[in-house]
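Protein chains in written order, with my numbering: chain A, 8 to 121; chain B, 49 to 160.
Step one of this worksheet: look at the structure below.
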């Protein structure tokens with residue numbers, strides 16, 4: 008079974024803090040994604056990485072950066088956390104080969120910025 | 049960014065009832081996916097649809113890829129308490145696209 012692991016289920020941070028959200032996948036997938044989930048807005052793509060050290064902005068990259076130094080690990084960084092970044096963050100991975108590019112998700116990190 | 053229009057946004061039903069939800073778009077999609085998110089968990093794939101008109105079942109779940117390639121629906125028959133959660137549709141705009149476009153989600157609540 009594909010396993011995508013997010014390091015924290017819940018995080019509470021203060022405004023202005025630098026926040027790291029970590030994600031690890033064990034299926035040797037090339038693609039990794041960070042989404043933000045808010046009620047009524049569905050899943051919105053923050054950043055996408057298709058290879059080590061490669062990244063592409065998603066729909067809402069402002070206030071976020073990412074790092075992919077190893078294939079299995081994709082980190083989301085909030086340089087200076089703000090209250091409007093309080094949300095559920097979901098990591099996903101996929102392989103570009105095969106019939107359909109199915110994405111596999113982690114359990115999510117619920118971040119509260121106070 | 050592009051999003052799919054998913055409806056209804058929420059449903060409150062009695063156990064045993066059938067459920068129907070759908071997704072529409074102004075764009076043509078190459079494939080459609082339906083995911084379910086249990087409370088406190090990440091989304092899990094339920095059904096994948098590959099071609100226009102395709103009807104696929106997975107137990108009590110049935111999904112169809114619209115003939116125009118611009119919509120899809122998901123039906124759940126004889127709902128049970130473990131069907132509670134948020135259901136998302138997702139689409140792949142073209143073959144080889146690495147990103148998915150997601151709907152806003154349908155939150156299903158079941159009264160026992």
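The beta-carbon is built from N, C-alpha and C at its ideal position, and this holds for glycine as well.
Legend entry - residue 72 of chain B versus residue 122 of chain B - alpha carbon distance: 12 angstroms
Inset, instruction - Please check if any C-beta of chain A sits within less than 7 angstroms of the C-beta of residue 152 of chain B. - result: yes
Inset, instruction - Could you tell me which of A/54, A/19, A/18 sits nearest to residue 73 of chain A, measuring between CA atoms? - result: Minimum Cα distance to residue 73 of chain A is reached at A/54.
Legend entry - Reference residue 59 of chain A; option with closest CA among A/41, A/37, A/15: A/37
Legend entry - Simplified DSSP state of residue 130 of chain B, which is helix, strand or coil: helix
Inset, instruction - Specify, as a first and last residue, the run of the beta strand (DSSP E) that residue 72 of chain A falls within. - result: 71-77
Inset, instruction - Check the Cβ-Cβ distances between residue 102 of chain B and every residue of chain A, and say whether any is below 7 angstroms. - result: False, the Cβ-Cβ gap to chain A never drops below 7 angstroms.
Legend entry - Endpoints, beta strand (DSSP E) assigned at residue 97 of chain B: 91-97
Legend entry - Sequence-distant residues of its chain with Cβ nearer than 6 angstroms to residue 142 of chain B (five each side left out): Within the same chain, residue 142 of chain B has close Cβ partners 78.
Inset, instruction - Starting from residue 110 of chain A, find everything on chain B with Cβ-Cβ shorter than 7 angstroms and list it in chain order. - result: Listed along chain B, the residues sitting closer than 7 angstroms to residue 110 of chain A by beta-carbon distance are 148.
Inset, instruction - Would you tell me roughly how many angstroms separate the C-alpha atoms of residue 91 of chain A and residue 82 of chain A, rounded to the nearest one? - result: Residue 91 of chain A and residue 82 of chain A: Cα-Cα distance of roughly 20 angstroms.
Legend entry - Partners in chain A for residue 111 of chain B, counting only beta-carbon separations shorter than 8 angstroms: Going along chain A, no residue has its Cβ under 8 angstroms from residue 111 of chain B, so there is no contact; the nearest lies around 14 angstroms.
Inset, instruction - Would you identify the three-state DSSP class for residue 7 of chain A, choosing helix, strand or coil? - result: Chain A is shown from 8 up to 121; residue 7 of chain A falls before or after that span and cannot be answered.
Legend entry - 7 angstroms Cβ cutoff met for residue 11 of chain A and residue 115 of chain A: no
Inset, instruction - Figure out for me which residue from A/75, A/49, A/78 has the closest Cα to the Cα of residue 66 of chain A. - result: A/49
Inset, instruction - Answer yes or no: does any C-beta atom of chain B fall closer than 7 angstroms to that of residue 23 of chain A? - result: no
Legend entry - Three-state secondary structure (DSSP) of residue 28 of chain A: strand
Inset, instruction - Anything in chain B within Cβ reach of residue 38 of chain A, meaning under 7 angstroms, just list it in chain order. - result: 146
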